[in-house]
Amino acid sequence: MMTATQPLLEICVESFDDAMVAVRAGADRIEYCAALAVGGVTPSAGALAHLRDIPVPCQVMIRPRPGDFIYGPADVEMMKHDIALARDHGAEGIVIGAAMPDGRLDRDMLADLLSVAGGLGATLHRVFDAVPDPFDALEGAIDLGFDRILTSGQQPTAEQGADMIARLITQADGRITILPGSGITPENAAKLLRTTGAAELHASCKKANPVGDGYAAGRVETDGDIVRRLKVVMAGF
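The numbering of the sequence shown is our numbering, which starts it at -16 and goes up by one.
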C-alpha cells in the first residue's frame, strides 16, 4: 500500500552531532534522547539548549530514568519540569509514556503530563508495546490527544510486528499516526511500508565507533550513509 505523499523519516539520536549527521543525510524529524542503550531518557538541559540549532522539527524524550514506566509523584514533577524546558528551548513535541502496575496506560498521569505541554505535539512511546490490549490503548491515546504512537507492533522489531501495525493503522483510520520503529533498515523498509500502509518510519541508523578502550571504548553514533539509503528506499513511496 502506498501513501499519498513520500513517507516521513524520524531518526532518534543522542547528541547534537548525531542530529546534524541525520539532518544532512535527509532526516525529516529528530527524536532527541540520551542513553539510547537503555531505551532513551531525557536529554540534559545543555543538550536541550541547542534544539533551535537543529534545522528540522525535534521531538524530545521525556523519561526520567531507565527501567519500567511506573512513576511516582517525584518522577512526575521531574517530567513536568523537563517538558517545560523542552518547550522553552524550541521542541516541536515530546515523547512520553506511563503505565499502571498491570501494564495498562496510566491515563490520569498522562493527562496530567499533557496538561503542561502547552501546545506541543505528543508521541506515546513504546510503553504501548507492553500494554495488555493495544486496541484499547490506541483509543485511549486518541482520547488523551496524542499525535502518534511509536510501536513495534508488540514484537521485538517492527518487521516482526508488521501484522499488528497494519491492524492498528486500520483501526486508527487517520485519527492518530502509527509510527513503526525498532529494527528499521534500508533492507526492510519497503516491505514494511507496503504491508502496513505506514506514513512515517522511526529508525536509529546506528554504527559502532570503536575509538578508545576501557571505560571510553567507543560509542554508537548515527550513520549518515544508512540514513541516506533509507531515504532512497522511502522515496519510492
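By construction, the Cβ of each residue, glycine as well, lies at the ideal position given by its N, Cα and C atoms.
Note that the coordinates shown come from a computational prediction; the quantities given were computed from them, not determined experimentally.
Inter-residue distance for methionine 92 and valine 99 is about 12 angstroms (C-alpha atoms, whole angstroms). Taken atom to atom, the span from the alpha-carbon of proline 84 to that of isoleucine 152 is near 27 angstroms. Shown here, glycine 76 sits in a strand according to DSSP, grouped into three states. Looking at Arg12, Ile77, Ala181, the one whose alpha-carbon comes closest to that of proline 26 is Ile77.
In terms of CA proximity to aspartate 11, Ala186 leads the group Leu31, Ala149, Ala186. Glycine 128 is not a Cβ neighbour of alanine 155, given a cutoff of 8 angstroms. In the three-state DSSP reduction, valine 110 falls in the helix class (H, G or I). Check the Cα spacing between isoleucine 161 and each of Glu170, Asn171, Thr205, Gln137: the tightest is with Gln137. The C-beta separation of leucine 103 from alanine 141 comes to about 25 angstroms, leaving the pair out of contact by the 8 angstroms criterion.
Contact annotation: the stretch 169 to 189 touches the stretch -11 to 6, with at least three C-beta pairs closer than 8 angstroms. The C-beta distance from proline -10 to glutamate 170 rounds to 16 angstroms, too long to meet the 8 angstroms contact threshold.
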